[in-house]
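Q: Those letters in the sequence shown? Residues 1 to 255, per the UniProt record's numbering, in order.
What follows is a single structure, and I will ask about it in a moment.
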Amino acid sequence: MSSLNLQKKTFVIFGGASGMGLATTLTLLENGANVAFSDINRENLTMRLSELHGDLKSRAFIQIADVTDREGVSEFLNAAKAKFGEVDGVANFAGTGGRELGTEAVWETSDKEFQFIIDLNVKGLFNILSESLRPGFLVEGASFVHIGSQFSLQGFKNGAVFAASKHAALGMVRSAAKETGARVRVNCVLPGAIDTPMHRANLARVPGFADALQTPISRPGTAQEVADVTVFLLSDQGSFVTGAAWSVDGGASAF
Ligand SMILES: NC(=O)c1ccc[n+]([C@@H]2O[C@H](COP(=O)([O-])OP(=O)(O)OC[C@H]3O[C@@H](n4cnc5c(N)ncnc54)[C@H](O)[C@@H]3O)[C@@H](O)[C@H]2O)c1
Numbered sequence: 001m002s003s004l005n006l007q008k009k010t011f012v013i014f015g016g017a018s019g020m021g022l023a024t025t026l027t028l029l030e031n032g033a034n035v036a037f038s039d040i041n042r043e044n045l046t047m048r049l050s051e052l053h054g055d056l057k058s059r060a061f062i063q064i065a066d067v068t069d070r071e072g073v074s075e076f077l078n079a080a081k082a083k084f085g086e087v088d089g090v091a092n093f094a095g096t097g098g099r100e101l102g103t104e105a106v107w108e109t110s111d112k113e114f115q116f117i118i119d120l121n122v123k124g125l126f127n128i129l130s131e132s133l134r135p136g137f138l139v140e141g142a143s144f145v146h147i148g149s150q151f152s153l154q155g156f157k158n159g160a161v162f163a164a165s166k167h168a169a170l171g172m173v174r175s176a177a178k179e180t181g182a183r184v185r186v187n188c189v190l191p192g193a194i195d196t197p198m199h200r201a202n203l204a205r206v207p208g209f210a211d212a213l214q215t216p217i218s219r220p221g222t223a224q225e226v227a228d229v230t231v232f233l234l235s236d237q238g239s240f241v242t243g244a245a246w247s248v249d250g251g252a253s254a255f
């Protein structure tokens with residue numbers, strides 16, 4: 001088995017200031033890569049950079065980017081390339097379950113909630129894919145990873161628009177993989193319940209939220225467990241994997 005071998009490689013992360021995006025950013029840095037990471041949350045992003053030291057800090061670059069803003073996405077991608085010379089991979093963790101996940105049936109869902117989820121989970125991915133997959137932007141043989149959900153493959157009771165947005169994103173990833181071929185591998189990681197600030201907020205907001213998430217491995221996953229699979233797919237170790245939907249869900253999708 002080849003090693004990760006990430007020295008001198010550069011990765012661009014969207015939604016990198018928290019949860020799985022942060023764990024992936026740190027794992028890439030710890031394995032010797034340059035990492036440009038962005039987020040909409042300025043305070044968290046600045047704090048994450050200030051927590052880095054020495055060699056890791058010298059290989060890190062931050063910029064505020066809202067994935068729903070195509071121009072901002074493009075500016076960040078170009079700034080990362082200008083800083084490090086070339087870009088070997090991109091991963092997108094920015095996403096949402098919506099403000100009412102788990103509490104509203106489809107007939108109770110407002111236009112505002114619908115638009116918020118679609119803008120972030122579908123248009124956000126479109127912005128990043130369309131700006132980063134332009135021929136010549138990424139190195140030949142680069143890797144793109146999008147973070148979907150176990151609900152990219154399943155319905156979510158009282159979360160129809162969330163599930164629809166994650167299904168749509170998977171369709172976009174699979175289509176892009178067919179378009180880029182060997183030039184860029186494009187994959188989706190599908191987490192189940194993962195112990196992150198987002199998951200904890202849902203548990204606190206919705207009584208019984210965890211009941212719907214029973215799995216053969218009966219615990220939430222860790223952000224590191226998702227980061228490890230994402231980094232594998234970003235690295236050359238995943239060289240024959242493209243167009244894939246890679247579940248990291250404790251077996252939730254086995255039902
Ligand atoms: N935690 C889970 O149980 C779980 C399960 C399945 C899928 N997911 C998905 O995984 C992804 C990451 O979730 P997490 O649990 O690590 O969440 P998190 O809230 O810990 O991190 C998400 C990050 O995205 C950032 N973000 C939000 N909107 C943004 C925007 N418009 N532009 C740029 N950044 C933005 C947030 O500020 C935050 O730093 C999301 O797409 C989520 O839907 C999470």
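Note that the Cβ used here is the ideal one computed from N, Cα and C, for glycine as well.
Keep in mind that this is a model prediction, so the values were computed, not measured.
Any idea what DSSP makes of VAL67, helix, strand or coil?
A: Of the three classes helix, strand and coil, the one that applies to VAL67 here is coil, per DSSP.
Q: Evaluate the contact criterion for the segment 111-118 versus the segment 26-35: three or more CB pairs, one atom per stretch, below 8 angstroms.
A: Segments in contact, no.
Q: Would you decide whether ASP88 is buried or exposed? Buried here means 16 or more other CB atoms lie within 10 Å of its CB.
A: ASP88 should be labelled buried.
Q: Closer than 6 angstroms by C-beta to PHE61: which residues in its own chain qualify, once you throw out the five before and the five after it? Chain order, please.
A: If we look at PHE61 and ignore the five residues flanking it on each side, its Cβ neighbours are ALA36 and LYS83.
Q: How many angstroms separate the CA atom of SER143 from the CA atom of VAL161?
A: Whole-angstrom Cα-Cα distance: 28 angstroms.
Q: On the criterion of 16 or more Cβ atoms from any shown chain inside 10 Å, does ILE128 qualify as buried, or is it exposed?
A: Per the 10 Å Cβ criterion, buried.
Q: Determine whether the beta carbon atoms of ASP69 and ILE40 lie at a separation below 7 angstroms.
A: Not in contact: ASP69 and ILE40 (Cβ atoms no closer than 7 angstroms).
Q: Just to confirm, does ASN158 get its C-beta within under 6 angstroms of one of the non-hydrogen atoms of ligand 1?
A: The answer is no for ASN158.
Q: Evaluate the contact criterion for the segment 17-27 versus the segment 222-231: three or more CB pairs, one atom per stretch, below 8 angstroms.
A: Contact holds: three or more Cβ-Cβ distances are below 8 angstroms.
Q: So is LYS178 buried or exposed if we call it buried at 16+ other beta carbons inside 10 Å?
A: LYS178 comes out exposed.
Q: What residue from GLY155, ALA94 and GLN63 has the CA that sits closest to GLU75's CA?
A: Comparing Cα positions, the closest option is GLN63.
Q: Residue ranges of each alpha helix (DSSP H) run of no fewer than 4 residues wholly in the segment 33-112, ordered along the chain?
A: Listed in chain order, the complete alpha helix (DSSP H) runs (minimum 4 residues) inside the segment 33-112 are 42-50, 54-58 and 70-84.
Q: For GLY221, write down the residues that DSSP places opposite it in a beta bridge.
A: According to DSSP, GLY221 bridges with ILE194.
Q: So, is TRP246 buried or exposed, given that buried needs 16 or more other C-beta atoms within 10 angstroms?
A: Buried.
Q: Thinking LEU4 and GLN224 are a contact (beta carbons under 8 angstroms), I'd like their distance in whole angstroms, please.
A: Rounded, the Cβ-Cβ distance is 15 angstroms, inconsistent with contact.
Q: Using CA atoms only, rank isn't needed, just tell me which of LEU153, PRO220 and LEU28 is closest to ASP195.
A: For the residues LEU153, PRO220 and LEU28, the minimum Cα distance to ASP195 belongs to PRO220.
Q: Between the beta-carbon of PHE151 and the beta-carbon of ALA163, is there less than 7 angstroms?
A: For PHE151 and ALA163, yes; Cβs fall inside 7 angstroms.
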